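Listed in order, the protein sequences are those of chains B and V.
Quick note on the numbering used here: the first sequence kicks off at 1 and runs consecutively.
Quick note on the numbering used here: the second sequence kicks off at 159 and runs consecutively.
2 protein chains.
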Amino acid sequence: MSIPLPPDSIPDALPGPPFFGALLRIVWQHVRERMLQAIHEAGFADFQEAHFAVFSFPLPDGMRPSELARQKRMSRQAVNYLLSQLEELGYVERRAADGSDRRLVYLTPRGHEIVAAIFACLRQLHEQWSEEVGKERFDDFVDVLKQLSTKAQEPTNR
Amino acid sequence: MSIPLPPDSIPDALPGPPFFGALLRIVWQHVRERMLQAIHEAGFADFQEAHFAVFSFPLPDGMRPSELARQKRMSRQAVNYLLSQLEELGYVERRAADGSDRRLVYLTPRGHEIVAAIFACLRQLHEQWSEEVGKERFDDFVDVLKQLSTKAQEPTNR
DNA sequence: CCACAATGTAAAGTAACTTTACATCAAAAC
DNA sequence: GTTTTGATGTAAAGTTACTTTACATTGTGG
C-alpha cells in the first residue's frame, strides 16, 4: 500500500545520539506518501511509487535516456524499464527532437498533469507547514536544506 | 553500489514550484550513504542497505517481530526475511526473554557495534553541518524537523 | 574510412519484498 | 475447562524493481 512509516510517537527528548537521521526519514517519507496520494486522487491510479525515480527533479523532459540514467544514478536498463512502463501508461514518450534523429524522452500531456498534481501537493504542504511552524522558521528550514543539499553533492566532502 | 543521487548541481534559483521535496530527498540520501559507508568502513561489509529497515530508530532490541513489523509498516514475512539474514550475519538473535517463552529480537554485540558506527557517523555529520551552516541555524533546522516529524505521524493530518 | 567509445535494449539473474496459506499460541467467552 | 477467537510465526510462491551480461547500433575523432 504505502511506504512504511515509523512508530506512533517520537519521544520528546531525543538525547545523546543524534536522531536527525530518523527525523529526515520520517519527514521525507511523509512527503512521498502525500505526493503519491495526491497523484492517485488526481485519477492516475496506475502511477507506481517506483515511477518517482523518473518523475522527480530534474524532470526528464527533452532528456536522453542515458543522461537520465546518469543523473538518477541508475543503470540504463533500469531507466529503460521504467520508461517503457511510463510510455505504456501514457506519461512519457520517446521521440526524435526536430532536426535530430536521436530519440529523446518527453512528458506527454498526461505526464504534465502528474507534474501539476505533484506541484499542487507540494505547494499545499508548503502552506500547511509554514502555518504550523511559522513562515519565517519554515523558510529558514528550507534555506538550510538547500545549503545542505548543495554540500551533499560535492565530490566527496571530507 | 549506492543509492541513486540526484544531478550534479542544484540550480541556485528554485523558483515557483516548491522544491523542498527534492531537497529533502537529496539530504536524506546523503545521510544514508554516509551511514552505509561508515558501517562498511567499520568492517561490516556484509551489511546491506535493506537492513536499515531493522537498524533504524527505534531499534528492535527486545521487541517482538510482529511489533517490529507494525512499527516499520512491513509485512511480518518481510521482517522475518530480514531478521533471518541479520541473524545469519550475527547482528541480531531471536531468543526468549527471561521468565517468558516468547522469542524476542535482540541485538548481538556485533549488532551493537553497527549501532555505534551509525551513531558515530551521525555525530560527525552533526558536527560538520553545525560548522557549515552555523550551530544555531542547524539546531533550529533540527527543531523544525522534529516538529514536522511529529505532525507527520498524526492520524491523517488534513 | 575506420577504430572506438557511447548508446539502446534484450535476456537472464537477483534482492527485497507481498500475497496466500496454514499451523500455533494465548487470551476471552461460554 | 473447554471452545472459540484473534494474534502470531513462518513456509511457499509470486511480483516488482532492479543489476549483470551481452550484443548490436550509432555517432565521432583521428
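Note that the Cβ used here is the ideal one computed from N, Cα and C, for glycine as well.
Here the structure is a predicted model, which is why all the values come from computation and not from measurement.
- In its chain, beyond the 5 residues on either side, Q71 have a beta carbon closer than 8 Å to the beta carbon of P58/B.
- Put simply, the stretch 99 to 112 of chain B does not touch the stretch 122 to 137 of chain B. Fewer than three CB pairs are less than 8 Å apart.
- The contact set of A152/B on chain V, defined by CB atoms closer than 7 Å, consists of I184, V185, H188 in chain order.
- For the pair D101/B and H284/V, the Cα-to-Cα distance works out to about 49 Å.
- Contact annotation: M221/V and L247/V have beta-carbon atoms that are not nearer than 8 Å.
- Going by DSSP, V185/V is part of the alpha helix (DSSP H) stretching over 178 to 199.
- In this structure, P60/B sits near V92/B, with a CB-CB distance shorter than 8 Å.
- For the stretch 46 to 65 of chain B, the set of residues with a beta-carbon nearer than 8 Å to any beta-carbon of chain V comprises A53, S56, F57, P58, in chain order.
- For the 8 Å CB-CB criterion, I276/V and F202/V do not form a contact.
- In the DSSP assignment, L107/B falls outside any alpha helix (DSSP H) and within the unbroken beta strand (DSSP E) covering 103 to 107.
- Residue pairing of A96/B in beta bridges, as defined by DSSP: R103/B.
- Residue contact check for E294/V against chain B: no CB pair falls below 8 Å.
- Our two residues, T150/B and L303/V, have alpha carbons roughly 18 Å apart in a direct line.
- The residue from F19/B, W28/B, P18/B, F55/B with its alpha-carbon nearest to that of A310/V is W28/B.
- Nearest to F178/V by alpha-carbon distance, out of V142/B, L148/B, Q147/B, is V142/B.
- Listed in chain order, the positions of the stretch 238 to 268 of chain V with a beta carbon within less than 7 Å of a beta carbon of chain B would be empty, since no residue qualifies.
- Rounded to whole angstroms, L240/V and R76/B show a C-alpha spacing of 29 Å.
- Boundaries cannot be given for Y91/B, as no alpha helix (DSSP H) includes it and DSSP labels it neither H nor E.
- For the C-beta of E199/V, not a single chain B residue is nearer than 8 Å; the gap to the nearest is close to 12 Å.
- L182/V is positioned such that its CB atom lies closer than 8 Å to that of L24/B.
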